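In my numbering, the protein residues as written are 77 to 426.
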């Protein structure tokens, strides 16, 4: 109880220092506008640090405040427990991109972090809030990062949406997996999460290519993967190629403007099964021709990947059977060909 009471008193004292720092910055912005206006990035970090040093004299924080900056988070620390992350903006708003969700550069033992935000456009202003209180969402630059909104009302943070406190999330072994799971569970039709979990070994292509630049073998392999991951390609929906388009661009680095044509060009084909001729769509015909390659591809894919794209739970030996059911259900929308019977007969006999 005594430790808790002492920490509360210490926190209150530190917040008092921060309030005086912000007041001093605002005062100087009026008296020396041009100097304060130039304090973008690391310049404000040092300026704020020097003000905190001055304000901490004859307090319990004297001699404990350090400027770390650089590649560490946060920029300023005190008593090896408190921190101040410094952000600036010239956009005229109280919004910007924050630090990494993974917080891989967070300084050890820093438990309570505040955000100092300098809006360096006329009128110059400064605000300081508890870090997690102004994190509104997650955006992706080169890695998933929090978005900052200093106007964010209480109860509307990203962690309120996630229903997990910030201090719980950041201490998880893999906070990115929790964040990605949240977004995947809230996807709307036509959306995808193209960024990957923190422990994934797969890297997305750094180079974006046009489909027309692919050689024939690579294009065929991508179509086979598409058949595996997106059973809805065989359906009737006018949106049935949307998920594959997103996957190609975000996971494979391939842009294609006529994906439908890659599967459907050529009209219908006659196909005989059990002494009966069927006039089947080109996309179904191509799937039948590539069944062996599709089967091999399915068996080589990570089961968690299939579960993600199919939206179901699988046993290790269920993948081909489940795929057959999903793709046959879709194909029934465009043809009366008994695809499921054909697949099961072919692979049972094999």
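From the three backbone atoms N, C-alpha and C, an ideal C-beta is built for every residue, glycine too.
Small disclaimer: the values here were computed from a predicted structure and weren't measured.
Let me make sure I understand the geometry here. Which of the options has the alpha-carbon closest to that of residue i?
i	options	result
residue 414	398, 114 and 352	352
residue 257	385, 407 and 396	385
residue 289	299, 332 and 381	332
residue 341	360, 349 and 394	360
residue 136	185, 399, 82 and 174	82
residue 251	189, 180 and 310	180
residue 284	91, 327 and 117	327
residue 443	146, 104 and 97	In this structure the chain extends from 77 to 426, so residue 443 is not present and cannot be described.
residue 372	391, 395 and 254	395
residue 205	292, 109, 85 and 228	228
residue 243	215, 226, 207 and 230	207
residue 287	338, 301 and 99	338
residue 323	108, 85, 301 and 369	301
residue 246	175, 264 and 315	175
residue 296	369, 254, 138 and 321	369
residue 199	110, 86, 393 and 325	110
May I ask you to list the residues that DSSP assigns as paired with residue i?
i	result
residue 188	158
residue 194	164 and 202
residue 133	For residue 133, which the question treats as bridged, DSSP gives no partner whatsoever.
residue 220	216
residue 285	330
residue 172	224
residue 123	According to DSSP, residue 123 bridges with nothing at all.
residue 348	353
residue 141	154
residue 149	182
residue 211	224
Between residue i and residue j, is the Cβ-Cβ spacing less than 8 angstroms?
i	j	result
residue 213	residue 234	yes
residue 163	residue 172	yes
residue 182	residue 193	no
residue 129	residue 141	yes
residue 409	residue 319	no
residue 191	residue 232	no
residue 400	residue 419	yes
residue 185	residue 157	yes
residue 335	residue 407	no
residue 154	residue 90	yes
Label residue i either buried or exposed according to how many other C-beta atoms from any shown protein chain fall within 10 Å of its C-beta, with 16 as the threshold for buried.
i	result
residue 148	exposed
residue 93	buried
residue 220	buried
residue 187	exposed
residue 417	exposed
residue 131	buried
residue 222	buried
residue 436	A query on residue 436 cannot be resolved here, the shown segment of the chain reaching from 77 to 426 and no further.
residue 391	exposed
residue 307	buried
residue 249	exposed
residue 121	buried
residue 150	buried
residue 115	buried
residue 389	exposed
residue 387	exposed
residue 84	exposed
residue 95	exposed
residue 99	exposed
residue 316	buried
residue 139	exposed
residue 216	exposed
residue 226	buried
residue 230	exposed
Mind reading off the beta-carbon distance from residue i to residue j? Whole number of angstroms is fine, and I expect it under 8 angstroms.
i	j	result
residue 196	residue 166	5 angstroms
residue 365	residue 422	Not a contact, Cβ separation roughly 12 angstroms.
residue 67	residue 355	Outside the displayed span of the chain (77 to 426) sits residue 67, for which this structure offers no information.
residue 152	residue 178	With a Cβ gap of about 21 angstroms, residue 152 and residue 178 do not count as contacting.
residue 127	residue 101	7 angstroms
residue 404	residue 357	Their Cβ separation, rounded to whole angstroms, is 14 angstroms, which puts residue 404 and residue 357 out of contact at 8 angstroms.
residue 189	residue 210	No, residue 189 and residue 210 are not in contact; Cβ-Cβ is about 11 angstroms, not under 8 angstroms.
residue 304	residue 377	7 angstroms
residue 330	residue 298	7 angstroms
Would you check whether the ligand ZN has a heavy atom nearer than 7 angstroms to the C-beta of residue i?
i	result
residue 406	Among the ligands in the structure shown, none appear at all, so the ligand ZN cannot be discussed.
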